[in-house]
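Engineer: Residue numbers (my numbering), protein chains in the order written: chain A, 157 to 372; chain B, 157 to 372.
The structure's right below; bear with me while I get my questions together.
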DNA sequence: GGATGTGAATCCGTTCACAGCT
DNA sequence: AGCTGTGAACGGATTCACATCC
């Protein structure tokens with residue numbers, strides 16, 4: 157049943173479903189079930205059915221889900237039935253890796269412009285893309301109506317650059333800088349900070365184990 | 157009050173608190189409050205107090221929290237009062253960026269070994285670290301008793317490599333491969349997939365806005 | 001006065017379990 | 001028989017609001 161306001165956490169799982177479904181299609185699998193999908197993802201089948209039920213009735217009782225149909229539906233829901241242009245800010249190691257990462261293009265995103273403030277880097281090419289000077293951000297993003305930016309810059313510049321890209325019309329930011337950003341309500345932010353992931357995992361790594369497993 | 161089993165979601169917020177507190181210390185700030193911290197992070201003050209209360213009473217009524225003291229406490233809780241060695245598997249763009257990323261060393265993690273299966277890359281140096289052949293994974297990780305691995309490899313190899321590092325004694329995995337991994341119960345996994353972040357943000361980017369903001 | 005720590009209340013998300021369809 | 005879709009039950013997390021202490 158199509159609901160009014162869908163929980164953020166549900167939305168965040170849809171791309172994960174999509175990822176798994178894509179793998180199935182690539183393997184030639186045509187049909188799946190909430191059970192199978194759940195097992196592959198470590199999620200309960202009830203949750204998957206409930207999540208999908210927010211948007212419609214995509215399955216057939218007794219049968220399951222047509223993989224391709226479900227992919228189409230999820231893609232539409234997530235506005236992925238188009239290509240999104242993305243700007244990368246920062247051409248250091250991370251910006252470099254992002255710009256060359258094939259995974260974006262494969263899944264609906266095109267890095268179409270990259271900026272840096274270092275004159276040494278401006279004018280160089282990454283993945284066939286010329287690095288532009290940061291002073292051009294507002295002009296270029298507005299011209300091309302780019303709404304997504306990825307920040308691959310040090311924490312100390314992150315808020316200022318955020319303000320700039322927001323001013324340029326960006327409405328979604330994926331930041332690799334390890335700092336919480338302030339943005340207006342109409343802008344979404346996601347963070348990628350590998351260290352926070354590691355730091356929460358070490359909570360569960362009791363030091364004792366260290367002593368047990370000796371070098372052989 | 158120190159509780160028995162602390163919710164995962166609480167643990168996952170502690171590194172974020174730590175990040176913010178570190179910035180405060182760097183700015184010379186000695187004292188903060190749940191209010192201030194919450195505002196900086198976009199979290200309610202009650203939540204911060206409740207989270208911390210799982211582990212002890214770290215604040216002073218009427219005053220707030222000593223920043224440095226709180227950092228010390230959180231670091232201990234998360235087992236960060238030591239250095240953790242990390243193995244990177246895969247020396248492509250992502251592995252390269254990870255290995256050179258200063259943020260790990262600054263926050264308690266040392267990338268101390270890197271592997272690749274491509275003979276072309278084995279023997280080359282990244283950040284002063286020689287790339288070793290993947291066939292050495294089990295031997296080296298066991299010898300050095302390394303318990304954390306970061307996977308920077310294509311999805312199709314991810315499960316096999318996961319099995320290998322688990323066999324080698326790894327108990328925490330941070331994977332950059334866009335696929336859900338199967339691991340035994342005693343192993344923790346976190347995922348970094350920028351595309352899933354982008355894909356959930358585009359849900360909120362209605363296409364209409366496109367038409368409004370014309371190129372000028 | 002001001003900020004913590006915490007039971008109580010509320011809100012939200014997950015799981016249960018089953019009716020209903022194929 | 002098998003699997004979906006879903007109200008109901010459950011469990012957990014967040015917020016409230018206040019007693020408590022500096």
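Built from N, CA and C at the ideal position, the CB exists for glycine as well.
1. Please determine whether the Cβ atom of residue 355/B lies at a distance below 8 Å from any heavy atom of the ligand MN.
2. Could you tell me whether the Cβ atoms of residue 303/B and residue 338/B are closer together than 9 Å?
3. Would a C-beta distance cut-off of 9 Å place residue 196/B and residue 336/A closer than the cut-off?
4. Around the C-beta of residue 359/B, are 16 or more other C-beta atoms found within 10 angstroms, so that it is buried, or is it exposed?
5. For the stretch 222-235 of chain A and the stretch 176-184 of chain A, state whether three or more C-beta atom pairs, one from each stretch, are separated by less than 8 Å.
6. Taking the straight line between their C-alpha atoms, what separation do you get for residue 189/B and residue 280/B?
7. Could you check which residue in 248/A, 256/A and 170/A has the C-alpha nearest to that of residue 234/A?
8. If distances are taken between C-alpha atoms only, which option among 248/A, 203/A, 287/A and 164/A comes closest to residue 268/A?
9. Closer than 8 Å, Cβ to any Cβ of chain B: which residues of the stretch 242-260 of chain A, in chain order?
10. What distance in whole Å lies between the Cβ atoms of residue 193/A and residue 173/A, which are believed to be in contact at a cut-off of 8 Å?
11. By Cβ distance below 8 Å, which residues in the same chain neighbour residue 325/A in space, the five residues on each side in sequence not counted?
12. What's the gap between the Cα of residue 292/B and the Cα of residue 333/B?
13. For the stretch 192-271 of chain B, list the beta strand (DSSP E) runs that are entirely contained and at least 3 residues long, ordered along the chain.
14. Suppose contacts are defined by Cβ-Cβ distances below 9 Å. Is residue 244/B in contact with residue 204/B by that definition?
15. Whole angstroms are fine: how far does the CA of residue 308/B sit from the CA of residue 252/B?
16. In the DSSP assignment, find the unbroken alpha helix (DSSP H) run with residue 356/B in it and report its ends.
17. By the DSSP assignment, the alpha helix (DSSP H) with residue 347/A in it spans what residues?
18. I'd like to know whether the C-beta atoms of residue 305/A and residue 330/A end up nearer to each other than 9 Å.
19. Can you confirm whether residue 366/B, when its beta carbon is compared against all beta carbons of chain A, has any partner nearer than 9 Å?
Structural biologist: On the basis of the data shown:
1. The ligand MN is not among the ligands present in this structure, which contains no ligands whatsoever.
2. Position 147 of the second chain, counted from the start, is the residue given in the question as residue 303/B. Position 182 of the second chain, counted from the start, is the residue given in the question as residue 338/B. No, these two residues do not count as a Cβ contact at 9 Å.
3. Position 40 of the second chain holds residue 196/B. Position 180 of the first chain holds residue 336/A. Their beta carbons are under 9 Å apart, which means residue 196/B touches residue 336/A by this criterion.
4. By 1-based counting over the second chain, the position of residue 359/B is 203. Residue burial is scored here from C-beta neighbours: residue 359/B has at least 16 other C-beta atoms within 10 angstroms and is therefore classed as buried.
5. yes
6. The residue labelled residue 189/B in the question sits at position 33 within the second chain. The residue labelled residue 280/B in the question sits at position 124 within the second chain. Cα-Cα distance, rounded: 49 Å.
7. What you label residue 234/A is simply residue 78 of the first chain in a count that begins at 1. Selected option, being the one with the closest Cα: 170/A.
8. Residue numbering aside, residue 268/A sits at position 112 when the first chain is read from its first letter. That would be 287/A, whose Cα lies nearest to the Cα of residue 268/A.
9. 242, 249, 250, 252, 253, 254, 256, 257, 259 and 260
10. Your numbering for residue 173/A matches position 17 in the first chain. Your numbering for residue 193/A matches position 37 in the first chain. Going by Cβ atoms, the distance from residue 173/A to residue 193/A rounds to 7 Å, so yes, they are a contact pair.
11. Sequence index remark: in the first chain, residue 325/A carries index 169 (1-based). Here the set comprises 297, 298, 301, 302 and 303.
12. Counting from 1 along the second chain, the entry for residue 292/B is found at position 136. Counting from 1 along the second chain, the entry for residue 333/B is found at position 177. Spanning the two alpha carbons is a distance of roughly 21 Å.
13. 240-245
14. The count along the second chain starts at 1 and reaches residue 244/B at position 88. The count along the second chain starts at 1 and reaches residue 204/B at position 48. No, the pair does not count as a contact, with Cβ atoms beyond the cut-off.
15. Your numbering for residue 252/B matches position 96 in the second chain. Your numbering for residue 308/B matches position 152 in the second chain. It is roughly 9 Å from the alpha-carbon of residue 252/B to the alpha-carbon of residue 308/B.
16. Along the second chain, one-based indexing puts residue 356/B at 200. Counting along the chain, the unbroken alpha helix (DSSP H) around residue 356/B starts and ends at 350-358.
17. The residue you call residue 347/A lines up with position 191 of the first chain. Bounds of any alpha helix (DSSP H) do not take in residue 347/A; it lies within the beta strand (DSSP E) bounded by 344-347.
18. Position 149 of the first chain, counted from the start, is the residue given in the question as residue 305/A. Position 174 of the first chain, counted from the start, is the residue given in the question as residue 330/A. Yes. Within cutoff.
19. Position 210 of the second chain, counting from 1, holds the residue named residue 366/B. With a pLDDT of only 48 at residue 366/B, under the threshold of 50, the placement of this residue in the model should not be trusted; the figure read from the coordinates follows. Answer yes: the Cβ-Cβ gap between residue 366/B and chain A drops below 9 Å somewhere.
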